[in-house]
Amino acid sequence: MTQGTHPTSSEDVLPVAVVGGGPVGLITALGLVHYGVPVTVFEEDEQLSLDTKAGTILTRTLEVLHRYGAVDAVLRASLRIDEIGDLDRATNQSRESVRTGTLSDDTRFPFVINIPQHHLEPVLRDRLDMLAPGVLRMRHRVTDFVQHDDHVELLLDTPDGEQRVKARYLLACDGGRSQTREKLGITVEGRTLEQRYMLVDLEVDLDVTNPRDYPYLAYFGDPSEWMILVRQPHCWRFLYPLDPGRPEPDEAELAAKAKRFIGDVTGLRVLGTNVYTVHHRVADRWRVGRIFLMGDAAHLITPMWALGLNTGVLDASNLPWRLAWVLRGWADESLLDGYEREQAPVAIRGAGEMAEAARAYMDRRDDGMAAMAGGGWGVAVTRSLLGVRLDIDGSGDWSMIVHGDSPRPVRAGDRIPDVRVFGPDGEVYLHDLCADAFVALYFTDARRRPRLPEGAEPGLRRYVISRWDAPLNSGLRDIALFDPGERATRRIGVPPDTAVLVRPDGHVAAIAAFDPADPQQDPVADAYARITGRRTREGALA
């Protein structure tokens with residue numbers, strides 16, 4: 000049941016232009032390549048960023064990288080972590096850690112990883128070059144653009160002089176100071192804190208010479224001076240707040256600061272530093288015609304609990320499949336409206352407010368962050384971003400927080416757990432089934448020969464899931480998924496004779512009862528038509 004891509008075009012079809020070669024831009028480009036959409040990435044600098052920036056990649060981002068064919072390369076360059084520590088700075092005593100190993104039944108990646116951004120970007124670039132050579136154009140600065148009915152015309156400053164390039168859409172991944180956003184006249188709302196963050200990379204041996212046994216990702220909370228400790232693949236990273244107006248510390252001060260947290264150690268050396276401003280600022284519009292804002296261009300949220308870059312990757316998970324469906328002719332342009340509707344609440348009132356609460360928690364101003372602290376299953380799901388539920392129908396029903404110590408039944412908008420089942424050729428995971436398609440999963444009894452609808456909707460596949468393996472003469476063998484012990488059925492939590500429609504980004508689009516004896520009743524096709532704007536078999540818009 001290997002999935003393939005669906006090329007959208009021949010060579011004469013215009014590409015999608017991605018402006019900005021940072022992590023969100025590169026991951027977005029990998030997503031477009033995955034879906035067979037022609038893409039060109041324009042990066043104004045002559046090399047990728049060398050700045051010391053974000054360093055922790057959460058589980059949901061790993062799943063997106065897996066879908067786009069880049070996770071193996073990233074994991075090879077990273078340090079994997081199954082514990083997020085929470086320590087009290089005053090006493091150096093550990094609170095209850097977040098244990099991501101409890102997510103083993105929900106994902107193939109029950110861990111987070113540490114990799115500095117300036118190490119991550121070359122890995123993503125190399126993978127993009129391998130999958131789509133020549134897509135990334137360095138030293139190409141977009142100086143202007145003009146929208147037309149069916150394309151965007153870009154004016155670029157390049158090593159070969161000024162060039163004009165046409166693109167089907169323009170995706171602005173050009174960061175918090177986005178020139179694209181500025182030229183569109185889009186307002187950025189929110190605030191910038193007086194407090195800044197100091198990030199320091201240190202060479203020090205806390206494993207053998209000066210053993211400390213800290214978790215590889217640990218948060219030291221304290222009312223007067225909190226600190227985050229991150230074990231990177233080749234060094235230790237410290238992050239802490241700087242008081243307003245305080246000058247940047249010199250190397251001696253930085254070393255002394257680190258020792259106040261980790262004690263007296265030998266062989267400590269400062270490798271690199273970065274001071275950055277603390278923002279919670281979001282664009283008031285994410286789309287103007289054929290131009291979309293993504294990542295920091297849409298929401299500049301200074302990371303706490305790794306909510307910065309990872310929130311941007313959620314944008315890169317949501318938009319590429321929509322563009323692919325529209326460009327393939329499988330969906331109406333209205334499908335693109337769901338991008339901002341779903342992602343804006345996650346950034347504004349989700350990641351942004353959680354980052355604010357995290358700062359309060361680290362300052363010990365608020366000890367009520369039960370949803371983000373502790374060792375329960377719900378906390379692990381929340382901190383890994385596996386618990387993001389999207390507002391799929393515009394009802395305002397969305398969430399980033401999961402409560403409880405045990406899995407709950409899946410709801411529409413949830414990310415579907417990546418549960419293992421067995422197809423005719425062996426094991427298969429649910430996320431692989433929907434990596435390039437909408438997938439309808441019919442939870443029913445295969446012994447009773449359920450009759451599935453015979454619709455031929457483009458971009459939609461149908462499967463039966465049952466604890467009873469389909470006999471060879473059942474006519475279901477090629478679409479039957481064996482669920483021994485009903486592990487998948489119990490984890491998803493649906494009653495018998497239920498259909499679950501899953502989107503290409505792994506989020507549940509609809510859940511509906513169906514009659515296995517009546518193939519004319521097709522709630523899946525109706526839901527798919529509503530989402531894509533396509534007509535049902537009866538010819539009416541659903």
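Once you know that position 289 of the sequence shown is 288 in numbering that gives the first Met the number 0, the rest is easy, because the numbers rise by one and skip nothing. Ideal Cβ placement from N, Cα and C applies to all residues, glycine included.
Distance, Cα to Cα, residue i vs residue j?
{"i": "Arg-94", "j": "Val-73", "result": "30 Å"}
{"i": "Ile-26", "j": "Gly-175", "result": "17 Å"}
{"i": "Ser-383", "j": "Ala-53", "result": "16 Å"}
{"i": "Ser-9", "j": "Leu-326", "result": "Confidence is the limiting factor: at Ser-9 the pLDDT is only 42, short of 50, which leaves the residue's position unreliable and the question unanswerable from this model."}
{"i": "Pro-214", "j": "Trp-285", "result": "38 Å"}
{"i": "Leu-500", "j": "Glu-247", "result": "53 Å"}
{"i": "Ile-530", "j": "Pro-121", "result": "36 Å"}
{"i": "Tyr-360", "j": "Ala-255", "result": "25 Å"}
{"i": "Ala-455", "j": "Asp-468", "result": "25 Å"}
{"i": "Val-274", "j": "Leu-306", "result": "18 Å"}
{"i": "Ala-76", "j": "Ala-524", "result": "43 Å"}
{"i": "Val-463", "j": "Leu-480", "result": "6 Å"}
{"i": "Arg-419", "j": "Thr-310", "result": "27 Å"}
{"i": "Asp-44", "j": "His-118", "result": "17 Å"}
{"i": "Asp-496", "j": "Leu-61", "result": "32 Å"}
{"i": "Asp-173", "j": "Asp-362", "result": "32 Å"}
{"i": "Leu-389", "j": "Gln-342", "result": "8 Å"}
{"i": "Asp-105", "j": "Asp-417", "result": "5 Å"}
{"i": "Ile-391", "j": "Thr-58", "result": "22 Å"}
{"i": "Val-281", "j": "Cys-234", "result": "33 Å"}
{"i": "Leu-267", "j": "Glu-202", "result": "6 Å"}
{"i": "Ala-439", "j": "Leu-334", "result": "19 Å"}
{"i": "Ala-126", "j": "Val-23", "result": "For the record, residue 126 in the displayed sequence is Arg; it is not Ala. Each residue's Cα considered, the two are about 14 Å apart."}
{"i": "Ala-16", "j": "Ile-114", "result": "27 Å"}
{"i": "Gly-532", "j": "Gly-288", "result": "18 Å"}
Where do the N-terminal and C-terminal ends of the alpha helix (DSSP H) with residue i fall, by residue?
{"i": "Lys-256", "result": "250 to 261"}
{"i": "Tyr-527", "result": "522 to 531"}
{"i": "Thr-381", "result": "376 to 382"}
{"i": "Ile-491", "result": "486 to 491"}
{"i": "Gly-351", "result": "351 to 361"}
{"i": "Met-226", "result": "Element bounds for Met-226: not the alpha helix (DSSP H) but the beta strand (DSSP E), 226 to 230."}
{"i": "Leu-130", "result": "116 to 130"}
{"i": "Asp-71", "result": "70 to 75"}
{"i": "Leu-61", "result": "58 to 66"}
{"i": "Tyr-338", "result": "336 to 344"}
Grab the span of the beta strand (DSSP E) containing residue i for me, first residue to last.
{"i": "Ala-156", "result": "Ala is not the amino acid found at residue 156; the sequence shown has Asp there. First-last of the beta strand (DSSP E) with Asp-156: 151 to 157."}
{"i": "Thr-27", "result": "Here Thr-27 belongs to no beta strand (DSSP E); instead the alpha helix (DSSP H) covers 22 to 33."}
{"i": "Arg-138", "result": "Unbroken run through Arg-138: none, as it is neither H nor E."}
{"i": "Pro-240", "result": "235 to 241"}
{"i": "Gly-271", "result": "268 to 282"}
{"i": "Val-111", "result": "111 to 113"}
{"i": "Ser-465", "result": "459 to 465"}
{"i": "Tyr-215", "result": "From DSSP, Tyr-215 is part of no beta strand (DSSP E); its letter is neither H nor E."}
{"i": "Val-17", "result": "15 to 18"}
Apart from the five residues on each side of it in sequence, which residues of its chain come closer than 6 Å, Cβ to Cβ, to residue i?
{"i": "Thr-186", "result": "Asp-283"}
{"i": "Tyr-218", "result": "Asp-85, Ile-227"}
{"i": "Thr-301", "result": "Val-277, His-278"}
{"i": "Ile-290", "result": "Leu-169"}
{"i": "Asp-128", "result": "none"}
{"i": "Gly-395", "result": "none"}
{"i": "Met-0", "result": "In this predicted model, Met-0 has a pLDDT of only 43, less than 50, meaning its place in the structure is not dependable; the value taken from the coordinates is given anyway. So the qualifying residues of the chain are Gly-422, Val-427."}
{"i": "Arg-79", "result": "Phe-110, Ile-112"}
{"i": "Pro-158", "result": "Arg-138"}
{"i": "Glu-250", "result": "Val-269"}
Enumerate in chain order the residues of its own chain whose CB-to-CB distance from residue i is below 8 Å, with the five nearest sequence positions on each side excluded.
{"i": "Leu-155", "result": "Phe-41, His-139, Arg-140, Val-141, Thr-142, Glu-161, Gln-162, Arg-163, Val-164"}
{"i": "Gly-474", "result": "Arg-448"}
{"i": "Gly-211", "result": "Before going on, a small fix: residue 211 reads as Arg here, not Gly. Hits under 8 Å: Leu-205, Ile-261, Gly-262."}
{"i": "Asp-477", "result": "Pro-423"}
{"i": "Thr-7", "result": "Any answer about Thr-7 is weak, because its pLDDT of 46 lies below 50 and its placement is not dependable; what the coordinates show is given next. The residues are Tyr-34, Gly-35, Val-36, Pro-37, Ala-323, Leu-326, Arg-327."}
{"i": "Gln-46", "result": "Met-137"}
{"i": "Pro-522", "result": "Ala-498, Ala-509, Ala-511, Ala-512, Phe-513"}
{"i": "Glu-188", "result": "Arg-280, Val-281, Ala-282, Asp-283"}
Who are the Cβ neighbours of residue i in its own chain at under 7 Å, not counting the five residues just before and after it?
{"i": "Ser-96", "result": "Glu-82, Ile-83, Gly-84, Asp-85, Pro-214, Gly-374"}
{"i": "Ala-541", "result": "Model confidence at Ala-541 stands at a pLDDT of 34, short of 50, so the residue's coordinates are unreliable and nothing is read from them."}
{"i": "Arg-490", "result": "Asp-104, Pro-406, Pro-416, Val-418"}
{"i": "Arg-180", "result": "Ala-171, Ala-282, Leu-292, Ala-296"}
{"i": "Pro-344", "result": "Asp-390, Trp-397"}
> At a cut of 8 Å, does the stretch 78 to 87 reach the stretch 448 to 455 through at least three beta carbon pairs?
Replying inline: Contact annotation: the stretch 78 to 87 does not touch the stretch 448 to 455, with fewer than three C-beta pairs closer than 8 Å.
>> Quick check on the DSSP output: what are the complete alpha helix (DSSP H) runs of length 4 or more inside the stretch 166 to 190, in order along the chain?
In response: Segments of the alpha helix (DSSP H) lying fully in the stretch 166 to 190: 178 to 183.
> In chain order, which continuous runs of the beta strand (DSSP E) of length 3 or greater are located wholly inside the stretch 290 to 327?
Replying inline: Taking only runs of at least 3 residues, the beta strand (DSSP E) segments lying wholly in the stretch 290 to 327 are 290 to 292, 298 to 300.
>> So, does the stretch 384 to 402 touch the stretch 340 to 356, judging by three or more C-beta pairs under 8 Å?
In response: Yes, since at least three Cβ pairs between the stretch 384 to 402 and the stretch 340 to 356 fall closer than 8 Å, the two stretches touch.
> What residue ranges within the stretch 391 to 434 form continuous alpha helix (DSSP H) runs of no fewer than 4 residues, ordered along the chain?
Replying inline: Counting only runs of 4 or more, we get 429 to 432.
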